[in-house]
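Residue numbers (the working numbering), protein chains in the order written: chain A, 449 to 528; chain B, 18 to 229.
Since the structure comes first, as structure tokens, the remarks are kept for the end.
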Amino acid sequence: MTIDTEISTLIVLDETGDTRLMWDPRIKDEVDASKAMFDKMKKKGYLAYTVKKNGDPGEVIHEFDSKAGKIIMTPQMVGG
Amino acid sequence: MAIYSGNTAYYTSTTWTNWVTTGTTSGTTTAYYSDVWTNWTTSSSTTTSYTVQPYTNVVWNGWVETEEEQAIRLERQRIAAEERAKDLAEQKDRRAAARDKSRETFLEHLNEQERLEFESTGKIAVHGSDGHTYHVDTQMGIGANVTRVEDDQPVLRLCAHPRAFEIGAKDPTPEYDHFLAQIITLKVNAEAFVGVANSHRLDFRPNVQIPA
């Protein structure tokens with residue numbers, strides 16, 4: 449018997465290119481670490497988007513969703 | 018200022034010239050301020066050649082430093098220059114790696130059509146959440162590289178992107194991160210993008226309505 453486990457990913461665009469965190473929604477420590485990173489970047493003004501299965505951006509989220517599948521965080525936009 | 022002595026008026030300049038004039042067998046030669054300074058700061062040898070120490074800090078260091086102290090100072094300067102060169106080389110490598118990584122992430126989030134456009138022209142058509150079409154031009158850098166298009170005509174140029182340096186960052190956010198952030202924001206929240214962007218109207222036909 450195989451268990452279908454979907455590993456979720458948080459991608460934060462930053463000065464290194466990006467930083468990625470992966471978590472198993474069933475493992476509390478991994479979820480907590482990812483939520484901590486999410487909250488830290490939100491405090492810095494980052495915007496968070498869910499990503500659909502086909503790779504297209506989904507919607508803006510303001511709270512960490514451990515079942516989102518894939519979240520991408522971008523720095524805040526400024527007028528150039 | 019004139020100084021009178023008998024019938025001769027001596028001007029300050031004349032007095033100065035006398036001070037700084039060196040006599041020769043064939044008359045007098047006028048020396049200039051620079052000659053005086055050079056004489057003060059040169060060491061003569063048995064020949065007529067001079068070692069010129071023209072900089073103030075060289076004279077100062079000569080006054081206050083022993084040879085040993087000078088050697089220590091020069092060694093410190095050499096080490097500092099080496100460290101600076103090493104830091105710059107590391108920074109260059111780090112930024113190149115970040116750029117490559119951000120390009121991979123950027124490509125990973127383009128659909129097939131967008132990837133083709135990127136590879137052929139560098140300009141990606143994005144269907145904004147506000148119903149408009151935008152072109153993100155990756156050949157123009159990160160500033161003013163977004164254009165709204167109506168009926169294949171560019172009508173509005175927009176400039177908005179992530180901050181060049183995030184707070185506390187040593188290096189700038191790589192340009193492909195900027196492009197990806199622009200594309201995602203346009204797809205999900207184009208109103209916010211247009212709201213924060215500096216915009217320049219490109220189409221002045223009166224029948225073309227361009228929302229603020």
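All C-beta atoms, glycine included, are put in the ideal place defined by N, C-alpha and C.
Using only the alpha-carbon positions, how far apart do residue i and residue j sit?
{"i": "residue 476 of chain A", "j": "residue 518 of chain A", "result": "17 Å"}
{"i": "residue 207 of chain B", "j": "residue 222 of chain B", "result": "24 Å"}
{"i": "residue 147 of chain B", "j": "residue 105 of chain B", "result": "44 Å"}
{"i": "residue 213 of chain B", "j": "residue 202 of chain B", "result": "11 Å"}
{"i": "residue 487 of chain A", "j": "residue 165 of chain B", "result": "33 Å"}
{"i": "residue 140 of chain B", "j": "residue 515 of chain A", "result": "34 Å"}
{"i": "residue 483 of chain A", "j": "residue 463 of chain A", "result": "21 Å"}
{"i": "residue 491 of chain A", "j": "residue 180 of chain B", "result": "15 Å"}
{"i": "residue 84 of chain B", "j": "residue 101 of chain B", "result": "26 Å"}
{"i": "residue 89 of chain B", "j": "residue 95 of chain B", "result": "10 Å"}
{"i": "residue 282 of chain B", "j": "residue 155 of chain B", "result": "Residue 282 of chain B falls outside the range modelled here, since chain B spans only 18 to 229, and no answer is possible."}
{"i": "residue 129 of chain B", "j": "residue 93 of chain B", "result": "56 Å"}
{"i": "residue 440 of chain A", "j": "residue 121 of chain B", "result": "There is no way to answer for residue 440 of chain A, as the model of chain A reaches only from 449 to 528."}
{"i": "residue 184 of chain B", "j": "residue 493 of chain A", "result": "10 Å"}
Quick one: what's got a C-beta closer than 8 Å to residue i's C-beta in the same chain, skipping five residues either side?
{"i": "residue 505 of chain A", "result": "497, 498, 499, 520"}
{"i": "residue 507 of chain A", "result": "497, 498"}
{"i": "residue 455 of chain A", "result": "470, 471, 472"}
Mind pulling the chain A residues with CB within less than 8 Å of residue i?
{"i": "residue 190 of chain B", "result": "461, 462, 463, 523"}
{"i": "residue 115 of chain B", "result": "463, 464, 465"}
{"i": "residue 179 of chain B", "result": "461, 522, 523, 524, 525, 526"}
{"i": "residue 122 of chain B", "result": "459, 461, 465, 466"}
{"i": "residue 194 of chain B", "result": "461, 462, 465, 466, 522, 523"}
{"i": "residue 128 of chain B", "result": "502, 503, 504"}
{"i": "residue 109 of chain B", "result": "Correct list: empty, because the minimum Cβ distance to chain A is about 14 Å."}
{"i": "residue 118 of chain B", "result": "464, 465, 466"}
Can you list the residues of chain B that residue i reaches, using a CB-CB cut of under 9 Å?
{"i": "residue 501 of chain A", "result": "Under the 9 Å cutoff, chain B gives no residues; its nearest Cβ is about 12 Å from residue 501 of chain A."}
The alpha helix (DSSP H) spanning residue i covers which residue range?
{"i": "residue 480 of chain A", "result": "476-491"}
{"i": "residue 193 of chain B", "result": "192-213"}
{"i": "residue 129 of chain B", "result": "129-137"}
{"i": "residue 161 of chain B", "result": "Careful: residue 161 of chain B lies outside any alpha helix (DSSP H) and carries neither H nor E."}
{"i": "residue 109 of chain B", "result": "84-125"}
{"i": "residue 73 of chain B", "result": "73-81"}
List the residues of chain A that residue i touches, going by C-beta distances under 7 Å, in chain order.
{"i": "residue 184 of chain B", "result": "492"}
{"i": "residue 210 of chain B", "result": "525"}
{"i": "residue 214 of chain B", "result": "527"}
{"i": "residue 160 of chain B", "result": "528"}
Using the beta-carbon of each residue, which ones in chain B are nearer than 7 Å to residue i?
{"i": "residue 505 of chain A", "result": "201, 204, 205"}
How far does the beta strand (DSSP E) with residue i in it extend, from its first residue to its last?
{"i": "residue 518 of chain A", "result": "518-522"}
{"i": "residue 184 of chain B", "result": "That residue, residue 184 of chain B, is in no beta strand (DSSP E); it is neither H nor E in DSSP."}
{"i": "residue 464 of chain A", "result": "Careful: residue 464 of chain A lies outside any beta strand (DSSP E) and carries neither H nor E."}
{"i": "residue 507 of chain A", "result": "505-509"}
{"i": "residue 180 of chain B", "result": "Looking at the DSSP string, residue 180 of chain B is not in any beta strand (DSSP E), and its letter there is neither H nor E."}
{"i": "residue 151 of chain B", "result": "150-154"}
{"i": "residue 141 of chain B", "result": "140-144"}
{"i": "residue 527 of chain A", "result": "525-527"}
{"i": "residue 495 of chain A", "result": "495-499"}
Using a Cβ-Cβ cutoff of less than 7 Å, which residues in the same chain neighbour residue i once the five nearest sequence positions on both sides are dropped?
{"i": "residue 200 of chain B", "result": "141, 143, 153"}
{"i": "residue 170 of chain B", "result": "220"}
Just the chain B side, please: which residues come within less than 8 Å of residue i by C-beta, in chain order?
{"i": "residue 508 of chain A", "result": "205, 206"}
By Cβ distance below 6 Å, which residues in the same chain neighbour residue i in space, the five residues on each side in sequence not counted?
{"i": "residue 175 of chain B", "result": "163, 214, 216"}
{"i": "residue 461 of chain A", "result": "522"}
{"i": "residue 182 of chain B", "result": "189"}
{"i": "residue 192 of chain B", "result": "159"}
{"i": "residue 194 of chain B", "result": "119"}
{"i": "residue 98 of chain B", "result": "none"}
Going along chain A, which residues have a C-beta under 9 Å from residue i?
{"i": "residue 187 of chain B", "result": "463"}
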